[in-house]
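Residue numbers (full-length UniProt numbering): 1 to 439.
C-beta atoms are modelled at their ideal positions from N, C-alpha and C, and glycine is treated no differently.
These notes are about the structure you will find just below.
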Amino acid sequence: MSSIPSEVVVPSPSTDADSSPNPVLNPGFITCDDAATFLHESFKRLPGTEFTGFVLKSEDGRFYCAQETTPADENADAQNTLDILLTITKNSKDEWISPSGYTLEARLFPHSGKIKGIDESLVEWGQRQLFFSVADLFEVMTWRRKYSRCYLSLSDGALICYTSTDSAFEQELSPRFGRTPDGRLQTFESLYDAGGIPSSILILLAVAAGVVTTVVSGNLWRRRGRVKASWRRDILQQNPPVEMMPVCGPILQDASEVGRYLHEQMLALSPAQQHVGIVLKHTTEDFFVVTAPVRSDYATFDRQVLFPRDRHGNFGLPAGFRVHGFYHSMSPISHGEPSTQLERSKNFFSVKDLRVGLSRMHVAPHHRLFLCAPDGAVLRFAKPDSEKVVRLMAQLHSQSADGVLSQAFIDLVAAAGTLSVLYSSSTWPKGRVSPSTMG
Numbered sequence: 001m002s003s004i005p006s007e008v009v010v011p012s013p014s015t016d017a018d019s020s021p022n023p024v025l026n027p028g029f030i031t032c033d034d035a036a037t038f039l040h041e042s043f044k045r046l047p048g049t050e051f052t053g054f055v056l057k058s059e060d061g062r063f064y065c066a067q068e069t070t071p072a073d074e075n076a077d078a079q080n081t082l083d084i085l086l087t088i089t090k091n092s093k094d095e096w097i098s099p100s101g102y103t104l105e106a107r108l109f110p111h112s113g114k115i116k117g118i119d120e121s122l123v124e125w126g127q128r129q130l131f132f133s134v135a136d137l138f139e140v141m142t143w144r145r146k147y148s149r150c151y152l153s154l155s156d157g158a159l160i161c162y163t164s165t166d167s168a169f170e171q172e173l174s175p176r177f178g179r180t181p182d183g184r185l186q187t188f189e190s191l192y193d194a195g196g197i198p199s200s201i202l203i204l205l206a207v208a209a210g211v212v213t214t215v216v217s218g219n220l221w222r223r224r225g226r227v228k229a230s231w232r233r234d235i236l237q238q239n240p241p242v243e244m245m246p247v248c249g250p251i252l253q254d255a256s257e258v259g260r261y262l263h264e265q266m267l268a269l270s271p272a273q274q275h276v277g278i279v280l281k282h283t284t285e286d287f288f289v290v291t292a293p294v295r296s297d298y299a300t301f302d303r304q305v306l307f308p309r310d311r312h313g314n315f316g317l318p319a320g321f322r323v324h325g326f327y328h329s330m331s332p333i334s335h336g337e338p339s340t341q342l343e344r345s346k347n348f349f350s351v352k353d354l355r356v357g358l359s360r361m362h363v364a365p366h367h368r369l370f371l372c373a374p375d376g377a378v379l380r381f382a383k384p385d386s387e388k389v390v391r392l393m394a395q396l397h398s399q400s401a402d403g404v405l406s407q408a409f410i411d412l413v414a415a416a417g418t419l420s421v422l423y424s425s426s427t428w429p430k431g432r433v434s435p436s437t438m439g
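Rendered as structure tokens:
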């Protein structure tokens, strides 16, 4: 039975400068998919720029983004480059050279437009625009490969991945995808690039040879998970079961970094829609990761939209992690709110959201509540006093579900646990909030 090949070790220079990644410019990730998604999102900031990214794996099992450097890059426009310090180069033998202590895990290709074939249907042309080229796949299928998986960043926002399995079919297919000894295209690639072979054929060949997955969904590849031969029917499913772990952001070392990261995430999202996600903490090491925010009403949010279930029906989590807390932005305040409402009240948990949050904490008191306020502040409520929380929940039932909480009620929340500001704003200075310090 075939299996996914082990990582490919890339030759490293005999001497190397300090390659320890800068956690700001080169954050670490817990999976290759997470790092590739970070690169994919970075591509969007460089429209019209040809850029190829890489994912490296460190000796401690973390994943980092890297970019290729060439002599021409020295004169490149700084606005058209990514702030990534880890780099990969090619030596005189055309071999990839990575920083010492890293292995080359994957390559990420940017999307490139393809000219429609003379007799190619619009459907097949559209699919060809949103799938790997023959050359992309060959780089991973060949026994001479430098990495065992590749990603494609697509124009519709999707991110797809091909992973080699070293299957017998893949080994038979690989020579047909390569070029002739003199560098010319073989018949299959030549016809495919001209639209003479339907893109559906290449898709079926790829899913039979290795593992094709949709990491970030888009217009065509709208279902996250493994792409199968039945993919046309699969993408039409309503509410399909979750197959993959959610995409997570970079490794964050402490609560302050979590607050900064949540603040930055919410800046890029529309305030007209509430967004929700989960903060995960490693069970043996002191660091966090955050799931990507999803559009959802916090009151009805369920983790089943993020995490797959095992064969026993239990939710799975990334290996070695536990749920640390839930985060959410605020529901848009209705136009009927009085303009004299205190700024703190408008940038605090709503009645409806606090009801849900406290109910969850009553069941799991080790969880935290994180609020991304409209003014940019990030608040955290933790370590609740169970008796005070029960009283708070009772008092909340008398509050209007669509209203905001008074200053006096905010004082009660602060007294019922540890209320902290992880990312400050003009309304919320950083630090612990207590009734005695609130004016």
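Between the CA atoms of residue j and residue i - distance to the nearest angstrom
i           : j    : result
Q129        : L412 : 57 Å
I115        : V279 : 44 Å
P181        : D136 : 18 Å
F287        : E264 : 18 Å
V390        : F409 : 14 Å
P318        : M245 : 7 Å
Q238        : P250 : 31 Å
residue 441 : P271 : In the structure as shown, the chain starts at 1 and stops at 439, and residue 441 therefore has no counterpart that could be examined.
V268        : L236 : One detail in the question is off: residue 268 reads as Ala in this sequence, not Val. Rounded to whole angstroms, A268 to L236 spans 29 Å at the Cα level.
H40         : D310 : 29 Å
L202        : Y192 : 8 Å
T89         : F29  : 22 Å
A394        : V363 : 15 Å
E257        : G61  : 21 Å
E189        : G259 : 49 Å
Under 7 Å between C-beta atoms of residue i and residue j
i    : j    : result
N219 : D156 : yes
T427 : A382 : no
S148 : S164 : yes
K352 : A299 : yes
A416 : P435 : no
R232 : T213 : no
A255 : L422 : yes
V276 : H312 : no
K57  : T103 : yes
Residue range of the unbroken alpha helix (DSSP H) whose run includes residue i
i    : result
H362 : 351–363
A36  : 32–43
G277 : Segment 275–282 is the beta strand (DSSP E) holding G277; no alpha helix (DSSP H) there.
Y298 : First-last for Y298: undefined, no H or E at that position.
A414 : 407–415
K346 : 343–346
With 16 other Cβ atoms within 10 Å as the buried cut-off, status of residue i
i    : result
G325 : buried
S199 : buried
R184 : exposed
D302 : exposed
F143 : Looking at the sequence itself, residue 143 is Trp, so the reference to Phe does not match. Counting Cβ neighbours within 10 Å, W143 comes out exposed, since fewer than 16 surround it.
A158 : buried
P175 : exposed
K44  : exposed
Q67  : buried
L369 : buried
E120 : buried
Opening and closing residue of the beta strand (DSSP E) in which residue i lies
i           : result
T418        : 418–423
E59         : Note, E59: premise wrong, no beta strand (DSSP E); not H, not E.
F138        : Note, F138: premise wrong, no beta strand (DSSP E); alpha helix (DSSP H) at 134–141.
residue 444 : There is no way to answer for residue 444, as the model of the chain reaches only from 1 to 439.
V433        : 431–433
I160        : 159–163
E264        : Here E264 belongs to no beta strand (DSSP E); instead the alpha helix (DSSP H) covers 255–267.
Spatial neighbours of residue i in its chain, beta-carbon cut-off 6 Å, leaving aside the 5 residues before and after
i    : result
R432 : S420
Q127 : S199
P240 : R223
L152 : F109, F132, I160
C32  : V55, F63, E105, A106
A194 : G117
F307 : F315, G316
D297 : Q274
W125 : K116
P27  : P250
Cβ-heavy atom distance, residue i to the ligand HEM, below 6 Å
i    : result
D310 : The model on display carries no ligand, and the ligand HEM is accordingly not part of it.
Residues near residue i by beta carbon distance below 7 Å, same chain, minus five either side
i    : result
P365 : P384, S386
L204 : A229
S424 : A377, K430
P338 : Reliability fails at P338, whose pLDDT of 48 lies under 50, so the model's placement of it is uncertain and no value is given.
H282 : G320, F321
Below-7 Å beta-carbon distance, residue i vs any chain B residue
i    : result
V356 : Of the chains in the structure shown, none is chain B; there is only one protein chain.
8 Å CB neighbourhood of residue i in its chain, flanking five on each side removed
i    : result
L396 : V351, L354, R355, L358
H367 : V323, H324, G325, F326, R360, M361
V247 : D33, D34, T37, V215, V216, T291, A292
A405 : Correcting the residue type first, residue 405 is Leu in the shown sequence and not Ala. Within the same chain, L405 has close Cβ partners S345, F348, F349, S350, V351, L354, Q399, V413.
L173 : M141, L205, A209
G178 : F138, T142, Q186
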